[in-house]
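S.K.: Chains as they are written, first to last, in the numbering used here: chain A, 1 to 131; chain B, 132 to 478.
We put the beta carbon where it would ideally sit given N, CA and C, even for glycine.
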Amino acid sequence: MVLIKKILKFTKLVKSGDWVIIILFSFLMLISAKILWDLPQGQYLEIYKNNEILGTYSLNHKITKTIKGIKGETEININNGKARFSKAPCTKKYCIHQGWINKANQTIVCIPNQVSIYIVGAKKKYDSINY
Amino acid sequence: MLLNKIFPYLLVFFLLSCSDNKIHQEEDFIFGTIISIKVYGEPKIKSEKVSNEIFNEFHRLHKLLHPWKKSLITDINNKILNNESISLNNDEIISILKEAQYLEKKTQGLFNPAIGKLIELWGFHKDDYNLDTMPNQVKIKNLLLSKPSMQSLTIKNKILKSNNRDVQIDLGGFAKGYALDQAKKILLDNNIKNALINIGGNIIAFGKHGDRDWIVGIQNPRKPNTIATINLKSGWSIGTSGDYQRYIIINNQRYSHLINPKIGYPENKTQSATILIPPSKNSGTLSDVLSKPLFIAKEKDKIKLANSLNIDNFLIIMENGSILISESMNKDINWEDGIDKKNIKIY
Chain A
1 MVLIKKILKF TKLVKSGDWV IIILFSFLML ISAKILWDLP QGQYLEIYKN NEILGTYSLN
61 HKITKTIKGI KGETEININN GKARFSKAPC TKKYCIHQGW INKANQTIVC IPNQVSIYIV
121 GAKKKYDSIN Y
Chain B
132 MLLNKIFPYL LVFFLLSCSD NKIHQEEDFI FGTIISIKVY GEPKIKSEKV SNEIFNEFHR
192 LHKLLHPWKK SLITDINNKI LNNESISLNN DEIISILKEA QYLEKKTQGL FNPAIGKLIE
252 LWGFHKDDYN LDTMPNQVKI KNLLLSKPSM QSLTIKNKIL KSNNRDVQID LGGFAKGYAL
312 DQAKKILLDN NIKNALINIG GNIIAFGKHG DRDWIVGIQN PRKPNTIATI NLKSGWSIGT
372 SGDYQRYIII NNQRYSHLIN PKIGYPENKT QSATILIPPS KNSGTLSDVL SKPLFIAKEK
432 DKIKLANSLN IDNFLIIMEN GSILISESMN KDINWEDGID KKNIKIY
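1) Looking at the C-beta of L327/B, does it have a partner C-beta in chain A at a distance below 8 Å?
2) Classify T66/A as buried or exposed, calling it buried when 16 or more other Cβ atoms lie within 10 Å of its own Cβ.
3) Suppose only complete runs of 3+ residues qualify. What are the beta strand (DSSP E) ranges in the stretch 325 to 379 of chain B, listed by chain order?
4) In chain order, what residues of the stretch 330 to 354 of chain B put their CB closer than 7 Å to some CB of chain A?
5) What residues in its chain sit with their C-beta under 7 Å from that of T357/B, if we drop five residues either side in the sequence?
6) Under 8 Å between C-beta atoms, does T357/B make it to chain A?
7) On the DSSP bridge assignment, give the partners of G55/A in chain order.
8) Taking only beta carbons into account, state which residues of the stretch 109 to 130 of chain A come closer than 8 Å to chain B, listed in chain order.
9) Does the Cβ-Cβ distance between D18/A and H340/B come in under 8 Å?
10) Which runs of the beta strand (DSSP E), 3 residues or longer, sit entirely within the stretch 156 to 201 of chain B?
11) Check whether the stretch 402 to 415 of chain B touches the stretch 374 to 382 of chain B, taking contact to mean three or more Cβ pairs, one atom from each stretch, closer than 8 Å.
12) How big is the Cα-Cα spacing for C95/A and I31/A?
13) With H, G and I counted as helix, E and B as strand and the rest as coil, what does DSSP make of T91/A?
14) Which residues of chain A have a Cβ atom closer than 8 Å to the Cβ of G373/B, listed in chain order?
15) Considering just the uninterrupted stretch of the beta strand (DSSP E) at L284/B, what are its terminal residues?
16) Among F255/B, F160/B, K476/B, which residue has its Cα nearest to the Cα of Y396/B?
17) Compute the distance between the beta-carbons of K180/B and H155/B, then report whether it is under 8 Å.
18) Residues in its own chain within less than 6 Å of D312/B by CB, not counting five upstream and five downstream?
19) Please find out if some non-hydrogen atom of the ligand SAH comes closer than 7 Å to the beta-carbon of Q376/B.
20) Would you call the stretch 263 to 273 of chain B and the stretch 443 to 455 of chain B touching, i.e. three or more CB-CB distances under 8 Å?
21) Hey, quick one: how far does the beta strand (DSSP E) through V120/A stretch, first residue to last?
22) Which residue wins for smallest C-alpha separation from V115/A, given the options K125/A, S26/A, K68/A?
23) Let's test the definition: count the other Cβ atoms within 10 Å of the Cβ of K35/A and tell me whether it reaches 16, buried, or not, exposed.
24) Can you grab the Cα-Cα spacing for the pair N102/A / L234/B, in whole Å?
25) Can K289/B and I211/B be called in contact, C-beta distance under 8 Å?
26) Helix or strand or just coil, what does DSSP make of A83/A?
27) What did DSSP end up calling D151/B once you bin it into helix, strand or coil?
28) Given a cut-off of 8 Å on the beta-carbon distance, is the pair K307/B and G338/B in contact?
29) For R84/A, is the classification buried or exposed, using 16 other Cβ atoms within 10 angstroms of its Cβ as the cut-off for buried?
30) Examine the Cβ distances between the stretch 314 to 331 of chain B and the stretch 181 to 196 of chain B and report whether three or more of them are shorter than 8 Å.
31) With distances taken from CA atoms, which of P355/B, I334/B, N214/B, S202/B is nearest N362/B?
32) With 16 other CB atoms within 10 Å as the buried threshold, where does A310/B fall?
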């Protein structure tokens with residue numbers, strides 16, 4: 001009951017202009033969620049150090065790569081279609097907290113150690129096939 | 132109140148921005164194969180409508196031209212068997228038969244749609260062809276001696292007559308290409324500028340895919356991947372005759388559906404013959420028909436034949452894996468990695 005009263009009070013406070021904004025942003029949220037959800041699965045992982053590509057690895061296996069950055073060692077896991085930072089010398093560990101990524105064009109950057117990973121989708125080279 | 136008014140517009144705007152409206156693909160299964168239609172840069176509703184119109188046209192052609200299930204062609208074939216003349220109240224079939232006659236002549240009989248009996252002997256007049264013993268040699272020999280040919284047919288005042296009862300028309304090497312040309316008309320009528328139509332590997336391109344040409348992959352005859360890709364410019368068609376889609380295996384030997392009308396046996400020295408045909412009224416038909424003679428001809432005759440048929444773009448893969456390619460096609464082709472360039476001969 002208290003909750004309903006609070007909601008009613010809230011709706012009275014909200015003017016029509018506010019509703020426009022609320023609805024607009026709800027839509028934006030839904031659309032971004034849909035777009036992110038629909039991203040194709042990645043095929044390869046590119047690892048960069050200081051904006052230079054160190055290598056491209058298939059996502060379809062289970063390996064750990066250790067990269068020497070400017071601050072120390074960063075460890076990257078690839079595990080059957082997804083990838084993550086598992087160890088990093090930085091203090092905040094934002095890169096590790098990002099967790100696993102698996103969609104094409106997803107990326108994680110570790111600014112302190114200047115190491116980043118980027119997921120690439122399979123390049124479809126043709127529109128149709130002749131046989 | 133204002134919100135109530137603008138809300139529907141907002142909704143429509145967002146729903147539109149949600150969908151990827153650049154390319155629409157429709158698929159159907161006709162002519163015993165997969166048909167795929169891609170339309171670029173048109174509203175979904177329009178591309179669906181046009182695709183359905185094309186599918187309906189293909190279903191109509193399938194029923195008209197089917198070589199062994201009841202169709203106008205099987206009706207004609209039955210009359211030929213009984214030595215009867217046939218009255219044709221169908222201008223379309225008359226022009227199709229005349230074009231087939233012309234193409235048979237032009238290809239020196241290597242494209243021969245009158246050998247339905249041979250194709251049936253080899254067991255390919257079935258949806259699930261699975262002949263496992265060699266066909267009767269005497270029957271093959273007798274058919275070769277009687278020389279069934281489209282030239283045995285005469286059409287006068289819409290009356291068709293055959294002076295050879297061994298003629299059985301099979302337009303299997305013609306129908307899909309003809310269907311591409313019919314699809315072209317439907318696209319033009321509907322003012323569709325950019326589309327790609329694939330009928331079981333036979334492809335015709337219209338316009339572009341955005342700011343680039345449509346790109347077509349060419350199947351590797353012996354591996355589950357492509358051997359190369361090529362840009363298919365607007366109006367161009369590509370067709371391949373190969374031994375890897377329809378074939379039977381008897382005593383560990385592969386026999387493809389591409390039967391040499393001169394010897395009554397499938398050609399077995401070639402894996403595939405691919406040709407590109409420039410824009411013309413019947414480019415679809417030509418891309419289907421003209422790959423057959425190039426596949427069937429002997430290796431030493433293939434290049435001469437391509438020249439005499441004005442095929443400037445061809446790619447032929449022989450049984451031993453060697454590749455014969457025309458100079459013009461070699462300029463535009465993008466080979467996949469791992470193709471041994473030593474095996475490629477440019478003509």
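M.R.: In terms of the structure at hand:
1) It does: the Cβ of L327/B has a partner Cβ on chain A nearer than 8 Å.
2) By the Cβ-count criterion, T66/A is exposed, with fewer than 16 other Cβ atoms from all chains shown falling within 10 Å of its own Cβ.
3) Taking only runs of at least 3 residues, the beta strand (DSSP E) segments lying wholly in the stretch 325 to 379 of chain B are 326 to 330, 333 to 337, 345 to 350, 357 to 363, 368 to 373.
4) Residues passing the 7 Å Cβ filter: G332, I334, H340, W345, I346, V347, G348, I349, Q350.
5) Annotation for T357/B: G348, I349, Q350, N351, E467 place their beta carbon closer than 7 Å to its own, counting only its chain and skipping 5 residues before and after.
6) Yes - at least one Cβ of chain A is within 8 Å of the one on T357/B.
7) I47/A, per the DSSP bridge assignment.
8) Within the stretch 109 to 130 of chain A, those residues whose Cβ lies closer than 8 Å to any Cβ of chain B are, in chain order, K125, Y126, D127, S128, I129, N130.
9) No, they are not a contact pair.
10) You should have 164 to 171.
11) Contact holds: three or more Cβ-Cβ distances are below 8 Å.
12) Their backbone Cα atoms lie some 26 Å apart in a straight line.
13) T91/A: coil per DSSP, three-state reduction.
14) Correct list: Y131.
15) Here the beta strand (DSSP E) through L284/B covers 284 to 287.
16) Answer by Cα proximity: F255/B.
17) Contact annotation: K180/B and H155/B have beta-carbon atoms that are not nearer than 8 Å.
18) Within the same chain, and ignoring the five residues on either side of D312/B in sequence, the residues whose Cβ sits closer than 6 Å to its Cβ are N413, G415, T416.
19) Looking for the ligand SAH in the displayed structure turns up nothing, as the structure carries no ligands at all.
20) Verdict: no, contact absent.
21) Per DSSP, V120/A belongs to the beta strand (DSSP E) from 115 to 120.
22) Per the C-alpha coordinates, the member of K125/A, S26/A, K68/A positioned closest to V115/A is K68/A.
23) Checking the displayed sequence, the identity of residue 35/A turns out to be Ile instead of Lys. Its Cβ having fewer than 16 others within 10 Å, I35/A is exposed.
24) About 54 Å.
25) No, Cβ-Cβ distance for K289/B and I211/B is not below 8 Å.
26) Here A83/A sits in strand by DSSP.
27) The pLDDT assigned to D151/B is 49, lower than 50, so where the model puts this residue is not dependable; a value taken from the coordinates is nonetheless given after this. In the structure shown, D151/B sits in coil (DSSP, three-state: anything other than H, G, I, E or B).
28) Not a contact, by the Cβ cut-off of 8 Å.
29) With a 10 Å radius around the Cβ and a threshold of 16 neighbouring Cβ atoms, R84/A comes out buried.
30) In this structure the stretch 314 to 331 of chain B touches the stretch 181 to 196 of chain B; the number of beta carbon pairs closer than 8 Å is three or more.
31) Considering only alpha carbons, the answer is I334/B.
32) A310/B comes out buried.
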